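Read the structure below first, then the notes.
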């Protein structure tokens, strides 16, 4: 898939919550083009009849009894938080002014 | 240089158990070595001096009280900074977790503590384990002890360099596309990627969950096996952990016999891009195996030529999802929270400031590969290639017991040489990646120095899933034969630091 534009990289950055600089947009557009050009060949080999493998092991849901057991204390859970208040994670506003 | 730091882990533990050395003496000798050489090597991001000495004192107290000691009690270990360690900083080589102190231990950390292994510090790594050279660490590159101007491999270059510079006899790594084996190859140490699911991923910061596997790094095959037995086994905290007995790896490492073993040589692990000296040492290793009584079988695994491409779609896709948790809300860095910006804006600014170029590149690539309209062509096709690679391995293992290849196509390259050429960098993992995609087990061990540059070459041994013991059986035989031929372990030829 040739020709990844600067605008596409900016859009991907927004989807991935990455505020990329102008210089990064130029740089990544070129590099992604090269990388995608090199990896696109995966679509050449496998036909419709080949099932995809997402994981080397068959995954099953793991359940445990619904019982109370020791866990982190609130202080431990909050110990790495950039900001906290009244035993809660303090976050910037979630809703914009226009909401 | 103190003789203590030259001992293998097995020798160290035996001498501590016999009362000939104390764990405190051993730990102090390694701390002194770190102080003397790590400024040059930069293998460590954090040295836990007090914590290590406290663990060592506990081991000595246990011995004094007549309590039984485990096979690695009192042996220092350097831990890749991707495993959480309660009360000890864990950064994953990234600014986004700078200064973060986890409130809990990874399962592997717990197992090491329970086995009385002394965790001496946290080692440098490519940021979030993304890289093949340890140049992507936010805290600066690690040097290869064989030549400090060259890379020690990646992403576990810090762990491999700590071993090769005698700063620790044991280390821990993680291998997503070769990050244990590839650094082992370029530093003349031993690295093992166990069967996927063989070692718990709980508390190991995730990069690409279907590929990541923690495993042992050591200077000898037996030491790697002893560490493997300590860290392996089923963990109910990890839903991808295999509920099966740990293969008898220590017993295999002690037996070391390849008589009658069928060893496969895959023609796709060769050709363009391989350094002549690497090919020469590999061919000699095959002849050595033949001489030891193994039967050599030539194989073709055509899908392997697509492994690198599939890997560089699957791992960024999983990373773009896994790294979404670094959102500046509950832990780690937060940037731009001045009261006027929304949580979403703060997240985007924090991630821009906290992630390095390789991490951003892979997040963007993964987001692209998973996006609507491209999903089938890229991620979907890569998953099908994964099926084909697994089938190639299954067919191969019907004919042979193990497969051998060079671990890396070239020896260690100079720091900076491939820094701005991602595709050139990605080629370093050419031979290691198929195993991560299929989930089977593999080891790298030293097989000589390339004549053209005098740098170490690694031999890779690959075994079927859950047959990790075969790696150790073959590895121990090859190691013994090489050491007999050279007259000493290869690492002894490394320059003095």
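Residue numbers (the working numbering), protein chains in the order written: chain A, 1 to 99; chain B, 1 to 497. Note that beta-carbon positions come from the ideal geometry of N, C-alpha and C, so glycine has one too. This structure is a prediction, so every number in the text was calculated from the model and none was measured.
Between residue 101 of chain B and chain A, the shortest Cβ-Cβ separation is below 8 Å.
Residue 356 of chain B places its beta carbon 8 Å or farther from that of residue 206 of chain B. The stretch 70-89 of chain A and the stretch 193-205 of chain B do not touch, with fewer than three beta-carbon pairs separated by less than 8 Å. Assigned with DSSP and collapsed to three states, residue 488 of chain B falls in coil, not helix or strand. Listed along chain A are 82, 83, 92, each with a C-beta nearer than 8 Å to that of residue 337 of chain B. DSSP places residue 135 of chain B outside both helix and strand once states are collapsed to three, so it counts as coil. For residue 90 of chain A, no alpha helix (DSSP H) run applies, since DSSP gives it neither H nor E.
Taking a Cβ-Cβ threshold of 8 Å, the residues of chain A close to residue 303 of chain B are 45, in chain order. With 16 or more other Cβ atoms from the protein chains shown falling within 10 Å of its own Cβ, residue 232 of chain B counts as buried. Within the stretch 352-366 of chain B, the residues whose Cβ lies closer than 9 Å to some Cβ of chain A are 352, 353, 355, 357, 360, 361, 363, 364, 365, 366, listed in chain order. With 16 or more other Cβ atoms from the protein chains shown falling within 10 Å of its own Cβ, residue 124 of chain B counts as buried. Within the stretch 174-253 of chain B, the runs of alpha helix (DSSP H) that reach at least 4 residues and sit entirely inside it are, in chain order, 181-187, 221-231. From the listed residues B:335, B:299, B:363, B:141, the smallest Cα separation to residue 318 of chain B is found for B:363. If only uninterrupted beta strand (DSSP E) runs of at least 3 residues are considered, those enclosed by the stretch 259-339 of chain B are 262-266, 295-299. Rounded to the nearest angstrom, the gap between the Cα atoms of residue 311 of chain B and residue 323 of chain B is 17 Å.
For a Cβ distance threshold of 8 Å, nothing in chain A lies close to residue 11 of chain B: the least Cβ distance comes to about 36 Å. Going by DSSP, residue 381 of chain B is part of the alpha helix (DSSP H) stretching over 381-399.
Counting C-beta atoms within 10 angstroms of its own C-beta, residue 375 of chain B has fewer than 16 neighbours from the protein chains shown and is therefore classed as exposed.
Distance between residue 300 of chain B and residue 45 of chain A, taken at the CA atoms: about 16 Å.
Chain-order list of chain B residues neighbouring residue 68 of chain A: empty, with the shortest C-beta distance near 17 Å, by a criterion of under 7 Å. Judged by DSSP secondary structure, residue 462 of chain B falls within the beta strand (DSSP E) whose first and last residues are 456-463. In the structure shown, the three-state DSSP call for residue 28 of chain A is helix. The secondary-structure analysis by DSSP pairs residue 84 of chain A across a beta bridge with A:89. The beta carbons of residue 4 of chain B and residue 76 of chain B sit no closer together than 8 Å. Contact between residue 108 of chain B and residue 56 of chain B does not hold, since the beta-carbon distance rounds to 20 Å and is not under 8 Å.
Per DSSP, reduced to three states, the secondary structure at residue 43 of chain A is helical. The straight-line gap separating the alpha-carbon atoms of residue 191 of chain B and residue 184 of chain B is approximately 5 Å. Rounded to the nearest whole angstrom, the C-alpha separation of residue 73 of chain A and residue 276 of chain B is 58 Å.
For residue 406 of chain B, the enclosing beta strand (DSSP E) has its first and last residue at 402-406.
With contacts defined by Cβ atoms closer than 8 Å, residue 429 of chain B and residue 178 of chain B form a contacting pair. Chain-order list of chain B residues neighbouring residue 41 of chain A: 306, 309, by C-beta distance under 7 Å. The residue among B:391, B:408, B:425, B:288 with its C-alpha nearest the C-alpha of residue 415 of chain B is B:425. Taken atom to atom, the span from the alpha-carbon of residue 391 of chain B to that of residue 453 of chain B is near 37 Å.
For the set B:10, B:481, B:486, B:22, the Cα lying nearest the Cα of residue 258 of chain B is the one of B:481. Residue 159 of chain B: member of the alpha helix (DSSP H) spanning 157-164, first to last residue. As summarised for the stretch 66-135 of chain B, the continuous beta strand (DSSP E) elements at least 3 residues long and confined to that stretch are 76-80, 118-123, given in chain order.
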